[in-house]
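Data block below; observations after.
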Amino acid sequence: MIGIIDYGMGNLHSVQRALQRVGGNAQPVTTAAQLIRAEKIVLPGVAGFGAAMDQLRAQGMLDPIIRAIDSGVPYLGFCLGLQLLFDVSYEDGEHFGMGILPGKVVRFEFDSRTTALSLRVPHMGWNQIRWNRGCPMLEGISPGADVYFAHSFHAVPMEDDLTIATTEYGYTFTSAVWRKNVFATQFHPEKSQAVGLRLMENFVAL
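See the structure below:
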């Protein structure tokens, strides 16, 4: 069973439908007891960083998620599900994350040159991803594929080898990360049509 973490802050039903469409037995999980039975974990998210951490903690899910990842359970995060993996976010103050991956989460900040391009925050809509290296999750997805973004903040990993895909929006930012059993994207696979479905199909097939 693929457990989709239900903490009231994600595109839960669209993620579940997409995973089921590519053959995954995906079910929402709201408790630690349910999470323990999951063979894989998906963490979507569209809310604020601090509020998400507080809610996961209030549901008793935070430590079980970290333990599952540490034990090797495959993890797939979307948008906020990528950001929460890192040490700290500066969204509306300073909030500590799960600390699975070293790095921070910051708001897009543009200099005068990029401001002149009329780039807006949040970064919303279709944009390209460029792979830095191979990964089983990227099988069948071409470099330069278009995917859907909706975010004002992005991760800045402390270790370069965490980044497997980048995107240009005023400057180059990390749009996907991978380490061992952890894979996460800043974009929304559930909104990225064929590319997103292929990515989720790859996760189901792991």
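Going by the working numbering, the first residue of the sequence shown is number 23, and it counts up by one from there. Idealized CB from N, CA, C, for every residue including glycine. Given the structure is predicted, the values throughout are model-derived calculations rather than measurements.
Taking all protein chains shown into account, decide if residue i is buried (16 or more other Cβ within 10 angstroms of its Cβ) or exposed.
{"i": "Asn47", "result": "exposed"}
{"i": "Arg155", "result": "exposed"}
{"i": "Pro165", "result": "exposed"}
{"i": "Met146", "result": "exposed"}
{"i": "Val178", "result": "exposed"}
{"i": "Ala167", "result": "buried"}
{"i": "Asn34", "result": "With the sequence shown as reference, residue 34 is identified as Leu, and Asn is not the correct amino acid for it. Classification for Leu34: buried."}
{"i": "Ala227", "result": "exposed"}
{"i": "Thr53", "result": "exposed"}
{"i": "Ala90", "result": "buried"}
Which residues does DSSP list as the beta-bridge partners of residue i?
{"i": "Pro211", "result": "Answer by DSSP bridge pairing: none, since Pro211 is not bridged."}
{"i": "Val64", "result": "Ile26, Leu98"}
{"i": "Tyr170", "result": "Trp148"}
{"i": "Val128", "result": "His176"}
{"i": "Ala48", "result": "Ile24"}
{"i": "Val199", "result": "Thr185, Ala206"}
{"i": "His117", "result": "Ser111"}
With C-beta atoms as the reference, is residue i less than 8 Å away from residue j?
{"i": "Cys157", "j": "Ile122", "result": "no"}
{"i": "Val128", "j": "Asn149", "result": "no"}
{"i": "Pro96", "j": "Asn203", "result": "yes"}
{"i": "Val37", "j": "Glu212", "result": "yes"}
{"i": "Leu104", "j": "Val199", "result": "yes"}
{"i": "Asp10", "j": "Gly70", "result": "A question about residue 10 goes unanswered here, because the residues of the chain that appear run from 23 up to 228."}
{"i": "Ile63", "j": "Ile27", "result": "yes"}
Could you pull out every residue in the same chain whose Cβ sits closer than 7 Å to the Cβ of residue i, ignoring the five residues on either side in sequence?
{"i": "Arg201", "result": "Leu123, Leu184"}
{"i": "Pro144", "result": "Ala172, His173, Ser174"}
{"i": "Phe132", "result": "Leu141, Gly192"}
{"i": "Thr188", "result": "Arg152, Asn154, Thr194, Phe195, Thr196, Ser197"}
{"i": "Ile163", "result": "Val217, Arg220, Leu221"}
{"i": "Glu116", "result": "Val110"}
{"i": "Gln77", "result": "Tyr29, Gly30, Met31"}
{"i": "Val51", "result": "Gly25, Ile26, Ile27, Asp28, Leu57, Ala60"}
On the premise that residue j lies in contact with residue i, defined as a C-beta separation below 8 Å, what is that separation, rounded to the nearest angstrom?
{"i": "Ala60", "j": "Ile88", "result": "Not quite, the Cβ-Cβ distance comes to about 14 Å (not below 8 Å), so this is no contact."}
{"i": "Asp109", "j": "Gly99", "result": "No, Asp109 and Gly99 are not in contact; Cβ-Cβ is about 15 Å, not under 8 Å."}
{"i": "Met222", "j": "Ala40", "result": "6 Å"}
{"i": "Phe130", "j": "His176", "result": "7 Å"}
Leaving aside the five residues before and after residue i along the sequence, list all residues of the same chain whose C-beta is less than 8 Å from its C-beta, in chain order.
{"i": "Ala74", "result": "Tyr29, Met31, Gly67, Leu102, Leu106"}
{"i": "Gly119", "result": "Phe71, Met75, Gln105, Leu106, Leu107, Phe108, Asp109, Val110, Ser111, Val127"}
{"i": "Ala55", "result": "none"}
{"i": "Pro86", "result": "Ala54, Leu57, Ile58"}
Might you give, ordered along the chain, the residues of its own chain that have their beta carbon closer than 6 Å to the beta carbon of residue i, omitting 5 neighbours on each side?
{"i": "Met180", "result": "Pro124, Gly125"}
{"i": "Phe205", "result": "Leu98, Met159"}
{"i": "Ser214", "result": "Val169, Tyr170"}
{"i": "Gly94", "result": "Asn203"}
{"i": "Gln49", "result": "Met23"}
{"i": "Glu161", "result": "Asn224"}
{"i": "Leu65", "result": "Ile27, Gly99, Gly103"}
{"i": "Gln42", "result": "Ala48"}
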